[in-house]
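Written out below as structure tokens is the structure these notes cover.
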Amino acid sequence: MTAVGAALGGAAISFAAFKYMAQKQELAEHREALLAENRASLMTHGSLTTRPSMQAMEGIMQRSESMILPHNHEAKMRRRIAARVAVEEDNITPRRSVTVRVPATSANMGPGYDCLGMAVDLWSEVTVTRSDTFEITAEGDGAEEIPKDESNFLVVGLKAAYETAGKPVPTLKYHVVSRIPYARGLGSSSAAIVAGIIAGLVLAGHRLPCWGSEALLQIAANIEGHPDNVAPAIYGSIQLGIHNGSRWFTEHVPCPSGMQLVMFIPDVVGKTSDARGVLKENVPRDEAAFNVGRVAMLVHSLCTGNLDNLKYGVQDKMHQPQRGEKLYPYLYPMIEAAESAGACCAYLSGAGPTVMAMTSGASGDIFTQREKERTDQAVARAMIQTAEVFGIKGKLLITTAVNEGARVVKVDPPFSSDGITY
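Counting from 1, position 120 in the sequence shown corresponds to residue 876 in our numbering; the numbering is continuous, with no gaps.
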């Protein structure tokens, strides 16, 4: 398992290194163009034997090195921060109440074990208010199942935020409106962690650095132990995250337009601890190589919009076969049925039990688009029929990936001020 993690991490770092080298090459070419222009100017305005002095050459090179190209956003941000005379106070006005909206997530996406995840257009809202007594109330999906004590990940995340702010945790009341199925492989625990951290930071009046540190991600991933769910919950879209030896970081992976998500959600709860318990302690080299190749193909297919290759990209040997054999016997028959009905691909969402299929063809509002132009209905029927064969009860949801991550939707007192409205 360590070998696979290292290999996947290496693939991600290689991708980042490629981007860096391309930017460096662009800067070098720009510098050479400046030098050539300077030589031409000297030749034109001086004699034919005129040559730029060493001092002039060094000045040109220094200016070229200090130049920040338009796409170097982090470098521009670092320079902007360094140039500021007055630094904004980290500890701002504490708030009385805050409401945070956070999306569901689908982790692993086949071979991307513990490093790849996607934000899903299913949302939960959490309201945290200062109170005289501790209380957790809930409505919606899993309202009866979620913990109502301090073991709830919402409270765990909030406590981590206050610890980061260096402040004591006040007595608070929590109210959850859950639209994310609880313990079904759709990131309900990660959503609670992220919502708790954000709510805690707002209530404590504490702000975190993002550029070059991703401090919020560090808190969330350290609680969860991996970034595959918390990264898309924070940033939205599809995220590829690794630990580089000193900190967690993540990169955005594009989601092809027109993509729909068709998911079969069984009525049974899937415990992550049980799902991890059936996995091998050691991964054979051939299986590690298989997964490295598949996750590379998956990321490439998403980046290029090559939907035909997604079915190869989501193939896996590290966790899906073991979980399908020992926990979810319907998994591979349902994947086969979905792909035969027209799905681009299908895989086990997170640790299960939800099976996620990806289909194409959506354009604008799907309720005004001809069903024949899409495949979601046919795929949904095929997945339901498979569930019936195996006697598995559940529900079928069709939605999309979402580019937006968690955000504050209401706060008291508000962030808005005279002349500025948020």
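The C-beta atom is built at its ideal place from N, Cα and C for all residues, glycine as well.
Sort out for me which residues DSSP pairs residue i with in a bridge.
i, result
"Gln995", "Gly873 and His1008"
"Ala1136", "Answer is none; Ala1136 lacks a bridge partner."
"Gly1150", "Pro1022"
"Val884", "Val854 and Tyr930"
"Glu1037", "Per DSSP, none; premise fails for Glu1037."
"Ala1113", "Val1018 and Ala1102"
"Arg1163", "Arg857"
"Ile1176", "Ser1173"
"Ala894", "Val932"
"Asp1168", "Ser853"
"Thr1155", "Leu1017"
"His1056", "DSSP lists no partner for His1056."
"Ala1183", "No information on residue 1183 is available, as it lies outside the stretch 757 to 1178 that the chain covers here."
"Trp879", "Pro859"
Measuring CB to CB, does residue i end up less than 7 Å from residue j?
i, j, result
"Gly1014", "Ala1118", "yes"
"Arg852", "Asp1072", "no"
"Thr1156", "Asp877", "yes"
"Val1158", "Ala875", "yes"
"Val1018", "Asp897", "no"
"Phe909", "Ser945", "yes"
"Glu891", "Lys929", "yes"
"Ala947", "Val858", "yes"
"Gln1016", "Thr1115", "yes"
Using only alpha-carbon positions, find the residue among the options that is nearest to residue i.
i, options, result
"Ile1207", "Pro1109, Asn985 and Pro1077", "The question about residue 1207 has no answer, for the chain in this structure spans 757 to 1178."
"Val911", "Asp897, Gly873, Pro937 and Leu957", "Leu957"
"Val986", "Arg963, Gly873 and Lys1036", "Gly873"
"Gln995", "His1008, Arg1003, Lys1128 and Asp888", "His1008"
"Val856", "Tyr918, Val932 and Gly868", "Val932"
"Pro867", "Ala1143, Glu1129, Glu1092 and Leu1104", "Leu1104"
"Asn1000", "Cys871, Ser1172 and Tyr1178", "Cys871"
"Ile902", "Leu1153, Gly1061 and Arg940", "Arg940"
"Ile953", "Asp1174, Val1048, Val1164 and Ile1176", "Val1164"
"Phe1046", "Gly943, Thr1060, Leu942 and Val1070", "Val1070"
How many angstroms separate the CA atom of residue i from the CA atom of residue j?
i, j, result
"Leu1054", "Leu959", "40 Å"
"Val1135", "Ala860", "21 Å"
"Tyr1084", "Pro926", "43 Å"
"Thr885", "Thr893", "12 Å"
"Met1112", "Ala1102", "5 Å"
"Lys1151", "Met1139", "10 Å"
"Arg935", "Asp1042", "40 Å"
"Asp846", "Lys923", "Because Asp846 carries a pLDDT of 41, less than 50, the predicted location of this residue cannot be relied on, and the following value inherits that uncertainty. The straight-line gap from Cα to Cα measures roughly 13 Å."
"Gly1260", "Gln1076", "As shown, the chain starts at 757 and ends at 1178. That puts residue 1260 outside it, with no answer to give."
"Ala863", "Asp984", "5 Å"
"Glu1037", "Tyr1068", "25 Å"
"Gly1106", "Lys1149", "19 Å"
"Glu1095", "Tyr869", "21 Å"
"Val841", "His982", "Any answer about Val841 is weak, because its pLDDT of 38 lies below 50 and its placement is not dependable; what the coordinates show is given next. Each residue's Cα considered, the two are about 37 Å apart."
"Ala882", "Ala1143", "The sequence shown places Val at residue 882, rather than the Ala named in the question. Rounded to the nearest angstrom, the two C-alpha atoms are 33 Å apart."
"Phe1005", "Cys1011", "19 Å"
"Val1145", "Glu1081", "17 Å"
"Gly1147", "Ile1091", "16 Å"
"Glu900", "Asn1062", "42 Å"
"Arg1126", "Thr1177", "41 Å"
"Asp1174", "Ser1029", "50 Å"
"Cys966", "Gly997", "15 Å"
"Glu1129", "Ile1122", "10 Å"
"Val1048", "Pro1170", "47 Å"
"Arg963", "Tyr918", "11 Å"
"Met1074", "Gly1120", "37 Å"
"Glu906", "Pro988", "25 Å"
"Tyr1088", "Gln1141", "14 Å"
"Thr1060", "Leu942", "26 Å"
Apart from the five residues on each side of it in sequence, which residues of its chain come closer than 8 Å, Cβ to Cβ, to residue i?
i, result
"Ile990", "Val950, Leu972, Leu973, Ala976, Gly1161 and Ala1162"
"Ala759", "Annotation note: pLDDT 49 at Ala759 (below 50); position unreliable, coordinate value reported separately. If we look at Ala759 and ignore the five residues flanking it on each side, its Cβ neighbours are Val1039, Arg1041 and Ala1044."
"Arg1003", "Ser969, Glu970 and Gln974"
"Arg1137", "Ala1097"
"Ala1093", "Ala1138, Met1139, Gln1141 and Thr1142"
With a CB to CB cut of under 6 Å and the five nearest residues on each side skipped, what residues in its chain are close to residue i?
i, result
"Leu1066", "Ser1057, Cys1100 and Cys1101"
"Lys1166", "Thr855"
"Thr849", "Gly961"
"Gln1078", "Val1034 and Leu1035"
"Leu1153", "Met1019"
"Lys904", "Ile892"
Excluding the five sequence neighbours on either side, which residues of its own chain have a C-beta within less than 7 Å of the C-beta of residue i, listed in chain order?
i, result
"Asp888", "Thr927"
"Ile979", "Val912, Gly913, Ala916 and Ile949"
"Ala1031", "Arg1079, Leu1083, Ala1107 and Gly1108"
"Ser1172", "Tyr1178"
"Lys1247", "Residue 1247 lies beyond the range of the chain shown here (757 to 1178); nothing can be said about it."
"Ala955", "Val854, Val856, Val882, Val884 and Leu914"
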